Amino acid sequence: MSVSEQLKILCVKLNISVSELARLSGKSPQAFSQKMKRESFTVDELKQIAEASGCEYVGAFVMPSGERVEY
Numbered sequence: 288m289s290v291s292e293q294l295k296i297l298c299v300k301l302n303i304s305v306s307e308l309a310r311l312s313g314k315s316p317q318a319f320s321q322k323m324k325r326e327s328f329t330v331d332e333l334k335q336i337a338e339a340s341g342c343e344y345v346g347a348f349v350m351p352s353g354e355r356v357e358y
């Protein structure tokens, strides 16, 4: 699943529009839409979006041993 798909699902679950999510995270809806089309969000931007929407972003590699390598 792409990041853009995840963000759209997040909006549905939060009952907000993608434009509203953009504004919450300090971006214009147009710039946010372009980033979604290009799939060009950084980990820091995803953490900012999560914080602005009252969520937590967790990104990690989980090794076969169960050890996690997190951002």
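For the sequence shown, our numbering gives the first residue as 288, with consecutive numbering after it.
By construction, the Cβ of each residue, glycine as well, lies at the ideal position given by its N, Cα and C atoms.
Note that the structure is a prediction, hence the values are computed from the model and not measured.
Cβ-based neighbour list, residue i, same chain, cut-off 6 angstroms, excluding 5 preceding and 5 following
i    : result
F348 : V356
S308 : It should be noted that the sequence gives Leu, not Ser, for residue 308. Contacts found: C298.
V279 : There is no way to answer for residue 279, as the model of the chain reaches only from 288 to 358.
DSSP three-state assignment for residue i, whether helix, strand or coil
i    : result
V356 : strand
F348 : strand
Residue i to residue j span [Cα, whole Å]
i    : j    : result
Q335 : V299 : 18 angstroms
P351 : Y344 : 22 angstroms
L301 : S289 : 18 angstroms
E326 : S340 : 19 angstroms
M314 : K322 : It is worth fixing the name first, because residue 314 is Lys in this sequence and not Met. Going from the Cα of K314 to the Cα of K322 covers about 10 angstroms.
I296 : K324 : 15 angstroms
L311 : G353 : 35 angstroms
E292 : F328 : 12 angstroms
8 angstroms Cβ shell around residue i - same chain, five flanking residues per side excluded
i    : result
L333 : V290, Y344 and G346
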